[in-house]
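Reading through the structure tokens given below for one structure.
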Amino acid sequence: MGVKHKTIRPARTSRHDRSGGGEGSRSGAPLARSHDVSRARPLPAADTLLRMLYLLKLTREVEVRIERVLYRQGKIVGGVYVGRGQEAIGVASAIQLVEGDFVLPSHRDLSAYLARGIPLERVLLNWMGRADAPSRGRDNTLHFGDLNKGIIPIVSPLGDTCPVACGLALQFKLRGKRNVALVYFGEGATSRGDVHEAMNFAAVMKLPVIFICNNNGYAYSTPVQKQYAVKDLWRRGPAYGMPGESVDGNDVYAVYSAHQRAIERARKGEGPSFVECKTFRMTGHSAHDAAEYVPAALFKEWEDKDPITRLQSDLLQRRLMTPEALATLHESVRKEVDEAVARAEARPLPDGESANEGVYCGPDCWWGQTRSQAFDV
Amino acid sequence: MPILTHLEAIRQGIGEEMERDSSVFLLGEDIGVYGGAFKVTEGMLEKFGAERVIDTPISESAIVGAAVGAALVGMRPVVEMQFMDFIACAFDQIVNMAAKIHYRWGAKVPMVIRGPSGAGVHGGPYHSQSNEMWFVHTPGLKVVVPSTAYDAKGLIKAAIRDDNPVIFYEHKYLYRRVKDEVPLEDYVVPIGQAILRREGTDIAVITYGAMVWTALEAAAQLEKEGISLEVLDLRSLLPYDEEAILASVRKCSKVILLHEDTRIGGMAGELAAVIAEKAFDDLDGPIVRVTAPDTPVPFSPPLEDHFLPNARKLAEAARKLASY
């Protein structure tokens, strides 16, 4: 494993910086500034890599718990969407952000939430519909945001957050900030008009938005062949007047590097980028879906490309981590999840009548109790 | 006190809020250089600059979605729909994104979506609709429809200061036809308060928007015939002023619900229900609706005239109800 995936970086990254908007895009000429392979940046520092491994493992552990334990025990109800196998995308992108930056994760991007520092317990409270969950039981799964931590949640019509990301970026510009917004969506959402409108809007206004496509092969049961007719989605970037890249989404290094370039560009005021992260959905659409429409060979193929296994092997091989330290990490992550689950389970469910409260924001609003602390920017 | 048109009053209200609060900015199609299809934002670009008066691509959904994003981080965007008919293109962002954010996770979304609605100018099916009920049926939104210049200014200012998404319907027929006194001092008209435009004793006509003027026209005519109409202008449809509605009904004991919107699922149906629930014993006759028929808005003048409620149709309904 380790050897097989060791020399990952640029070789797996197809990069197509054909247009940065403006005259360059109109003439079709490549931009002078480019992210060509020879100028690839140094690898992330060891402590960053270890932090990423921790976040990857934490995401994996809690999602396995949600999908295979809590859901089956009836402790979590409703739809269960997890990102098993595609955790590297959220981790290796969101970990690069600073205060004031925003992520707008999609429904399988718990990894981005955790990378932004959302406590595990809050995530579990929301999944379990508890009274003091971030959504107070009004919405499920990852449908909650945190303005202080720079997170805007999805709504179920996927792709809708792309225009919202443009609005955040507009505020960054109006207020003279150098922040960026990372918006995540699946390849299925790229077929929706909101993604098109937002990419065009961001390119025209040169907004600091990174459009991140988690291409995981299937939108519910629909394979990519029925979703779009181009080979790689990076082509969508230049089509709108922004750089586009397609990278191996299961390769932490490739994902990190692509977003490093895109974020730098956005902070410099050079506008948006599009990054396609090729990955695979190692589950059904939701926990109820056995995904029998997915050929078994594909699961096998992508099992071998698991992002966590690859990073672990690489860290061990490069002696950035000992096998003992890895075992300790594994155990501590398991314990962290055990404890968070236990704490969340102990919290009460909401009173039915509280469903009537907080439809509007007003001086006497029920949400106002936590507003100054948690929601003011 | 200066006399302003409906349109000038809206422009003045927006301008005052932009001067007062640097987080207010405008977003829309052709609103900057061109000043908007109806010139509501004329002069704004020169006054406030391209950063705060932003001409966008033709992307209603992106415009509204971007307004949501900006609102979440402390801005107060005011979005123009070139015609309220095109608000359909942003429907998902309004009802699934903007309207539900506060309920779902407690963040405030202070934003206004405004634009011209209504018929009477031969605009045809896509430049004439009164589609306010699409949004009245969406908890989390506020829906406002002014009839006078004074109210248009006071309500747009209230809408901009509100911490919730407000859909602000401007009747294009009123833009340049209605003028009244508009004070220069700062004032707002609170959202959710109706106002009596005319006191009467026989029949309460409850209405909003351009139909307020139709009701007043019919009332003047019927007065000569000895029928006294009271005219209540709702001003806000969501929330609506239930107290004022019930007070008028109790006073007159007969009620006509009038709107330019089509009949099924119109505001009149909701008001009829609340009146039947809460003022049944006060009624001396059937609750009567005078509305447009359930068709798209037709273009050709005789068809449009047939479609629109007017003073004659209202007077006929009132005479019949008065004799009940």
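Which chain is which? The protein sequence lines are F and Z, in order. Sequential numbering from 28 applies to the first sequence in the working numbering. Sequential numbering from 75 applies to the second sequence in the working numbering. Quick reminder that beta carbons are idealized off the backbone N, C-alpha and C, glycines included.
Around the beta carbon of residue 386 (chain Z), fewer than 16 other beta carbons lie within 10 angstroms, which makes this residue exposed. Taking 9 Å as the cut-off, the Cβ atoms of residue 294 (chain F) and residue 235 (chain F) count as close.
For a Cβ distance threshold of 8 Å, residue set 143, 146 of chain Z lies close to residue 179 (chain F), ordered along the chain. In this chain, residue 114 (chain F) is not harboured by any beta strand (DSSP E); it is covered by the alpha helix (DSSP H) spanning 114-121. By the beta-carbon neighbour count (other beta carbons within 10 angstroms, threshold 16), residue 99 (chain F) is exposed. Under the Cβ distance rule, residue 94 (chain F) does not count among the residues neighbouring chain Z, no pair being separated by less than 9 Å. C-alpha of residue 357 (chain Z) to C-alpha of residue 329 (chain Z): approximately 8 Å in a straight line. By alpha-carbon distance to residue 167 (chain Z), the top candidate from Z:222, Z:219, Z:241 is Z:241. What residue 304 (chain F) touches in chain Z, judged by beta-carbon distance under 8 Å, is nothing: the nearest beta carbon there is about 23 Å away. Counting along the chain, residue 349 (chain F) sits inside no beta strand (DSSP E), nor does DSSP assign it H or E at all. In its chain, beyond the 5 residues on either side, 288, 289, 305, 306, 307, 308, 331, 332, 333 have a beta carbon closer than 8 Å to the beta carbon of residue 281 (chain Z). Counting only Cβ-Cβ distances below 9 Å, residue 139 (chain Z) has contacts in chain F at 187, 188, 189, 190, 191, 192, 193, 194, 221, 224, 225, 228, in chain order. In this structure, residue 157 (chain Z) lies near residue 201 (chain Z), with their beta-carbon atoms less than 9 Å apart. Taking 9 Å as the threshold, the shortest C-beta distance from residue 252 (chain F) to chain Z does not fall below it. Counting along the chain, residue 158 (chain Z) sits inside no beta strand (DSSP E), nor does DSSP assign it H or E at all.
For the region 68-108 of chain F, the continuous alpha helix (DSSP H) assignments of 4+ residues that do not extend past its boundaries occur at 73-92, in sequence order. Against chain Z, the CB of residue 339 (chain F) has no partner CB under 9 Å away; the residue lies outside that interface. Sorting F:348, F:169, F:142 by C-alpha distance to the C-alpha of residue 156 (chain F) places F:169 at the top. Rounded to whole angstroms, the gap between the alpha carbons of residue 96 (chain Z) and residue 147 (chain Z) is 13 Å.
Residue 252 (chain F) counts as exposed, since fewer than 16 other beta carbons sit within 10 angstroms of its beta carbon.
Taking a contact to require three or more Cβ pairs closer than 8 Å, the region 189-199 of chain F and the region 146-155 of chain F do not qualify as touching.
Taking C-alpha positions only, residue 219 (chain F) is separated from residue 339 (chain Z) by approximately 30 Å.
With fewer than 16 other beta carbons inside 10 angstroms of its own, residue 101 (chain F) counts as exposed. Residue 130 (chain F) is a Cβ neighbour of residue 139 (chain F), given a cutoff of 9 Å.
An exposed status is given to residue 258 (chain F), since fewer than 16 other beta-carbon atoms sit within 10 Å of its beta-carbon. Taking 9 Å as the threshold, the shortest C-beta distance from residue 129 (chain F) to chain Z falls below it. With a minimum length of 4 residues, the unbroken runs of alpha helix (DSSP H) contained wholly in the region 135-207 of chain Z fall at 175-179. Under the DSSP assignment, residue 312 (chain Z) falls in the beta strand (DSSP E) whose first and last residues are 310-312. Taken through DSSP and simplified to helix, strand or coil, residue 291 (chain F) comes out as helix. Cα atoms of residue 121 (chain Z) and residue 186 (chain Z): separation of roughly 20 Å, rounded to the nearest angstrom. Closer than 9 Å to the CB of residue 386 (chain F) there is at least one CB belonging to chain Z. When F:72, F:77, F:69 are compared, the shortest CA-CA separation from residue 348 (chain F) is found for F:77. In this structure, residue 226 (chain Z) and residue 244 (chain Z) form a Cβ contact; the two beta carbons are roughly 7 Å apart against a cut-off of 8 Å. Short of 6 Å from the beta carbon of residue 161 (chain F), and not among the five residues preceding or following it, lie these beta carbons of its own chain, in chain order: 149, 153, 171.
Burial is judged here by how many other beta carbons sit within 10 angstroms of a residue's own beta carbon; residue 259 (chain Z) has fewer than 16 and is exposed. Collapsing the DSSP output to three states places residue 211 (chain F) in a strand.
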